[in-house]
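Quick note: the sequence shown uses this note's numbering, first residue 12, plus one each step. Ideal placement from N, C-alpha and C gives every residue a C-beta, glycine not left out. Predicted model, so just to flag it, every value in this text is computed and none were measured.
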Amino acid sequence: MALYHACGGKWDTLVNQCGIIPKELTSFLEYAATFLCKLSNYYGEGDQKFVPDLTLDALRKIASIGASTKLRLEKVLCPMMAVPPFSLGYPGKDARSAYYPSEEPISPDEIAKVSDAMNRYCIGPENTRVEKLIKDGKPVYQVLQASAEVEASACSEQNLADGIFCVRGDHSEESLKECSSLTNANAYTVKREQTQP
12 MALYHACGGK
22 WDTLVNQCGI
32 IPKELTSFLE
42 YAATFLCKLS
52 NYYGEGDQKF
62 VPDLTLDALR
72 KIASIGASTK
82 LRLEKVLCPM
92 MAVPPFSLGY
102 PGKDARSAYY
112 PSEEPISPDE
122 IAKVSDAMNR
132 YCIGPENTRV
142 EKLIKDGKPV
152 YQVLQASAEV
162 EASACSEQNL
172 ADGIFCVRGD
182 HSEESLKECS
192 SLTNANAYTV
202 KREQTQP
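See the structure below:
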């Protein structure tokens with residue numbers, strides 16, 4: 012929006028003012044329009060990120076039209092241009108999965124070991140994530156189980172196997188907010204059936 016105000020909505024003037032070529036302006040406007048349409052730089056349900064089809068140099072030239080636009084660009088430049096992983100699945104150099112949130116690399120053999128421990132305790136993969144940590148030089152695996160409750164229960168800090176623990180309360184704040192919102196929504200229902208789980 013700062014760029015819009017800086018050029019008075021006359022986008023073509025940016026070509027001469029900023030020393031860019033028309034193709035760079037078109038690429039920027041396409042990115043900006045898509046960003047504004049999606050209200051973020053992700054397509055669909057937030058599972059695919061898009062980045063501008065521009066060089067860092069071209070973006071900086073466009074932002075050079077004003078001090079505030081330069082400052083704003085520098086604040087968002089790195090996350091805006093960061094290329095996402097190319098696939099989901101086992102985490103590796105070119106793939107990421109929200110199911111394995113750790114920065115520590117986890118191998119398929121380690122995943123199989125954790126899965127076996129989960130199966131022994133009848134813990135399915137639904138609503139869980141597996142985090143690998145290094146403690147005292149040894150790998151420790153935490154099965155993070157999503158729940159609003161964090162206090163003692165069948166799975167609170169439960170030792171599933173040597174170095175594998177089940178920890179309840181993953182996303183507990185979000186779960187509590189959802190439960191509270193659903194309870195509050197009961198006051199706005201039209202039919203009695205709408206209040207039943």
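Assuming residue i contacts residue j (C-beta within less than 8 Å), just tell me the rounded distance between them.
| i | j | result |
| --- | --- | --- |
| VAL94 | ILE175 | In fact, because the Cβ distance is near 33 Å, the residues do not count as touching under 8 Å. |
| VAL212 | ILE122 | In this structure the chain extends from 12 to 208, so residue 212 is not present and cannot be described. |
| SER158 | SER192 | Their Cβ separation, rounded to whole angstroms, is 17 Å, which puts SER158 and SER192 out of contact at 8 Å. |
| LEU84 | LEU70 | 6 Å |
| THR200 | THR206 | 5 Å |
From the DSSP output, which residues share a beta bridge with residue i?
| i | result |
| --- | --- |
| CYS177 | VAL154, GLN169 |
| ARG140 | LEU155 |
| LYS60 | TYR53 |
| LYS72 | Per DSSP, none; premise fails for LYS72. |
| ILE145 | PRO150 |
Using a Cβ-Cβ cutoff of less than 8 Å, which residues in the same chain neighbour residue i once the five nearest sequence positions on both sides are dropped?
| i | result |
| --- | --- |
| GLN28 | CYS18, ILE76 |
| LEU67 | LEU88, MET92 |
Near residue i, what residues of its chain come up, given a Cβ to Cβ distance below 6 Å and the 5 sequence neighbours on each side ignored?
| i | result |
| --- | --- |
| CYS166 | Because CYS166 carries a pLDDT of 49, less than 50, the predicted location of this residue cannot be relied on, and the following value inherits that uncertainty. GLN156, CYS177, ARG179. |
| VAL62 | MET92 |
| LEU99 | Below a pLDDT of 50, predicted positions are generally treated as unreliable, and LEU99, at 46, falls in that range; the measurement from the model is reported next regardless. Cβ within range, chain order: SER108. |
| CYS89 | none |
| THR139 | VAL154, GLN156 |
| GLN169 | CYS177 |
| TYR42 | PRO63 |
| THR24 | CYS18 |
| TRP22 | none |
Find the nearest neighbour of residue i within the set the options, judged by alpha-carbon distance.
| i | options | result |
| --- | --- | --- |
| ILE288 | CYS89, ALA74, ASN52 | Missing from the structure shown is residue 288; the chain here goes from 12 to 208 and no further. |
| GLU160 | CYS190, THR24, ALA172, LYS143 | CYS190 |
| ASP173 | GLU85, TRP22, LYS146 | LYS146 |
| ASP181 | GLU137, ASN195, GLY148 | GLU137 |
| GLU114 | LEU144, ALA198, GLU41, TYR199 | LEU144 |
| ASN130 | TYR111, LEU171, ASP120, PRO119 | LEU171 |
| GLY135 | ALA78, GLN205, TYR110 | TYR110 |
Within its chain, find whatever has a CB closer than 7 Å to the CB of residue i; leave out the 5 residues flanking it on each side and keep chain order.
| i | result |
| --- | --- |
| GLU39 | Note that residue 39 corresponds to Phe in the displayed sequence, not to Glu. Once the five neighbours on either side are set aside, the close Cβ partners of PHE39 are PRO63, LEU65, ILE73. |
| GLN59 | TYR53 |
| PHE46 | ASN52 |
| THR80 | ALA13, LEU14, ALA17, ALA74 |
Inside the region 15-44 only - alpha helix (DSSP H) runs reaching at least 4 residues: 24-29
For a minimum of 4 consecutive residues, which ranges assigned as the alpha helix (DSSP H) are wholly contained in the region 182-207? 183-196
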